[in-house]
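Enquirer: Starting off with a structure, shown below.
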Amino acid sequence: MSTTEIVRSDYSNRFVPYGLACQILIPLLCYIPIFSIYSYSQLNKKENIASEHLLMILTCLPALIDPFISFYFVVPYRNALLRVIINRKEDEKTSTMAVASTVSIRHITPHVM
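Okay, structure coming up:
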């Protein structure tokens, strides 16, 4: 292994545990509060509008955030995503398109009957 590969793998190995910790904590931060509020409202027979509306949002939130955590903390994924984004921006800047005009202008005189 070359020195740059060792440094790269060391860098990756340092950030992967942080990504895993985030992937563990986000569901806990989303599911536990909503479950607690729902259980409280069921036990006390009180209606809580926040628990009804936030239930769907907070249960879907970890699935929405998880790919972004992976892209940020897993270096090969991040590099691949950056390559795709940078190439698209460069393609947008440098791409030109020449189209020959097929429209002709004709003067049409109306026929009077």
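Heads up, the sequence shown is in this note's numbering, so the first residue is 481 and it goes up one at a time. Don't be surprised by glycine CBs; every beta carbon is placed ideally from N, CA and C.
To the nearest angstrom, report how far apart I514 and L500 are at their CA atoms.
Expert: Numbered from its first residue, the sequence shown carries residue 514 at position 34. Numbered from its first residue, the sequence shown carries residue 500 at position 20. Their backbone Cα atoms lie some 22 Å apart in a straight line.
Enquirer: So, helix, strand or coil for E532, using DSSP?
Expert: Sequence index remark: in the sequence shown, residue 532 carries index 52 (1-based). DSSP places E532 in helix when its eight states are reduced to three.
Enquirer: Is DSSP giving N567 helix, strand or coil here?
Expert: Translated into the one-based positions of the sequence shown, residue 567 becomes position 87. Of the three classes helix, strand and coil, the one that applies to N567 here is helix, per DSSP.
Enquirer: Is it the case that the Cβ atoms of I506 and P542 are separated by a distance below 8 Å?
Expert: Your numbering for residue 506 matches position 26 in the sequence shown. Your numbering for residue 542 matches position 62 in the sequence shown. Yes. Within cutoff.
Enquirer: Tell me the rounded alpha-carbon separation between S519 and L538.
Expert: As a working mapping, residue 519 is identified with position 39 in the sequence shown. As a working mapping, residue 538 is identified with position 58 in the sequence shown. C-alpha separation (whole angstroms): 15 Å.
Enquirer: Does the distance from the C-beta atom of N528 to that of I517 stay below 8 Å?
Expert: To locate residue 528, count along the sequence shown from 1; it is residue 48. To locate residue 517, count along the sequence shown from 1; it is residue 37. Their beta carbons are under 8 Å apart, which means N528 touches I517 by this criterion.
Enquirer: From the DSSP output, in three-state form, read off N559 for me.
Expert: Residue mapping note: residue 559 aligns to position 79 of the sequence shown, counting from 1. It is helical.
Enquirer: Would you say F600 and Y511 are within 8 Å of each other, going by their C-beta atoms?
Expert: In the structure as shown, the chain begins at 481 and stops at 593. Residue 600 is therefore absent and cannot be evaluated.
Enquirer: According to DSSP, is V496 part of a helix, a strand, or is it coil?
Expert: For the purposes of this step, residue 496 is identified with residue 16 of the sequence shown, where counting begins at 1. DSSP places V496 in helix when its eight states are reduced to three.
Enquirer: Determine whether the beta carbon atoms of I565 and Q503 lie at a separation below 8 Å.
Expert: As a position in the sequence shown, residue 565 is number 85, starting the count at 1. As a position in the sequence shown, residue 503 is number 23, starting the count at 1. Not in contact: I565 and Q503 (Cβ atoms no closer than 8 Å).
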